[in-house]
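With the UniProt record's numbering, the residue at position 146 of the sequence shown is 146, and numbering never jumps.
Just so you know, even glycine gets a beta-carbon here, dropped at the ideal spot from N, CA and C.
All of these numbers come straight from a predicted model, not from anything done at the bench.
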Amino acid sequence: MNVGRTPNTAMPREWAASGAKLALPLEVKFTAYECAPDMNTESLLGGDLHSSFLVVEPKSEPTFVSMKGQETVKVMPGAYNVQAQSFDEQQHSLRFFLDFPDGAVRNDVSLPKERIYFMTACWDENDKLIEQAMKWRQDILKSLYQINIDLRERSWEKNNGSLFGAADKFRHSVELAKRRSKLELQLEMLEDRFPLEDGRLVNAPNNLYVLKEGVIAVKRFSKDRAAREEYHWVGTFCFKEFSKFEE
1 MNVGRTPNTA
11 MPREWAASGA
21 KLALPLEVKF
31 TAYECAPDMN
41 TESLLGGDLH
51 SSFLVVEPKS
61 EPTFVSMKGQ
71 ETVKVMPGAY
81 NVQAQSFDEQ
91 QHSLRFFLDF
101 PDGAVRNDVS
111 LPKERIYFMT
121 ACWDENDKLI
131 EQAMKWRQDI
141 LKSLYQINID
151 LRERSWEKNN
161 GSLFGAADKF
171 RHSVELAKRR
181 SKLELQLEML
191 EDRFPLEDGR
201 LVNAPNNLYV
211 LKEGVIAVKR
221 FSKDRAAREE
231 YHWVGTFCFK
241 EFSKFEE
């Protein structure tokens with residue numbers, strides 16, 4: 001866990017304003033047994049009265065060094081759920097929570113004394129699908145590279161050539177720019193669906209690839225009459241590895 005200010009967080013301006021971070025190493029176990037009924041209603045995990053989540057429990061208590069010396073952070077068990085997000089990409093959300101009854105404070109960075117939510121994504125272990133996505137990405141990048149070369153050539157011709165055919169060249173440049181924008185959008189959508197860069201996935205039990213990095217959040221409620229649930233980011237986390245699944 002890496003607690004601290006993240007871009008676009010809705011936490012108060014003074015919270016972690018210094019940019020400092022609070023690193024908390026934590027080992028957890030994703031179990032195969034059901035959690036307490038009162039945990040099944042967490043909407044972030046996709047909960048309702050008919051849900052049945054599984055228990056995630058801490059296997060260690062993180063420590064950190066402050067002005068007081070070494071401090072230990074108390075962590076209580078929570079629940080987790082894997083929920084389908086996209087059938088075509090075989091993508092799922094992996095969300096879980098743990099309770100931190102005493103929180104933790106280091107300088108102006110504080111982990112609130114409450115339930116902390118963890119959010120990331122995972123995919124079915126389908127190497128063929130990942131390979132297809134990687135090939136598509138390479139094709140898009142090659143096309144973008146060629147378009148940029150063509151646009152530079154058109155720009156040079158405009159500045160150094162004659163006016164003969166200038167209108168046609170301009171129209172061609174506009175078409176190239178439109179195609180570039182379309183390809184850039186396709187690339188962005190593809191990279192949102194698949195973590196294609198090396199080292200971003202970690203193998204997990206049950207034939208899953210899990211995105212190593214995720215976000216940490218706290219629950220808040222909007223100030224309007226609806227009092228909608230909101231989740232304010234308070235940091236990030238990173239999976240190092242998964243050990244063999246145990247009952």
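- Taking 9 Å as the cut-off, the beta carbon of Ala-121 is found no closer than this to the beta carbon of Phe-97.
- In the three-state reduction of the DSSP assignment, Pro-58 falls in the strand class.
- Collapsing the DSSP output to three states places Leu-26 in coil.
- Met-1 has its alpha-carbon roughly 16 Å from the corresponding atom of Leu-94.
- When DSSP states are grouped into helix, strand and coil, Val-234 belongs to the strand group.
- By the Cβ criterion, the segment 139-153 is in contact with the segment 173-184, since at least three pairs of Cβ atoms, one from each stretch, lie closer than 8 Å.
- In the structure shown, Asp-224 falls within a coil segment according to DSSP collapsed to helix, strand and coil.
- Per DSSP, reduced to three states, the secondary structure at Asp-150 is helical.
- By the neighbour-count criterion, in which 16 or more other beta carbons inside 10 Å mark a residue as buried, Gln-83 falls on the exposed side.
- One Cα belongs to Leu-211, the other to Pro-195, and the distance between them is close to 7 Å.
- For the 9 Å CB-CB criterion, Val-3 and Gly-235 form a contact.
- In the DSSP assignment, Met-76 forms a beta bridge with Asp-99.
- Leu-201 is bridged by DSSP to Leu-211.
- DSSP places Arg-115 inside the beta strand (DSSP E), whose first and last residues are 115-124.
- In this structure, the straight-line span from the alpha carbon of Glu-241 to that of Pro-205 is close to 11 Å.
- Secondary structure of Gln-132 (DSSP, three-state): helix.
- Listed as beta-bridge partners of Ser-110 by DSSP are Val-105.
- Of the candidates Trp-123, Ser-173, Asn-126 and Lys-128, the residue whose Cα lies closest to the Cα of Gln-146 is Ser-173.
- The alpha carbon of Phe-64 has as its nearest neighbour, out of Gln-132, Leu-26 and Asp-48, the alpha carbon of Leu-26.
- An exposed status is given to Leu-141, since fewer than 16 other beta-carbon atoms sit within 10 Å of its beta-carbon.
- Lys-21 is bridged by DSSP to Gly-4.
- If the five residues before and after Cys-35 are omitted, its C-beta is found closer than 7 Å to the C-beta atoms of Phe-53, Leu-54, Val-55 and Ala-79, all from its own chain and listed in chain order.
- Each residue's CA atom was taken as its position, placing Met-119 and Asn-81 some 10 Å apart.
- A residue is called buried when at least 16 other Cβ atoms come within 10 angstroms of its Cβ; Gln-138 does not meet this threshold and is exposed.
- A distance of 9 Å or more separates the beta carbons of Pro-77 and Glu-61.
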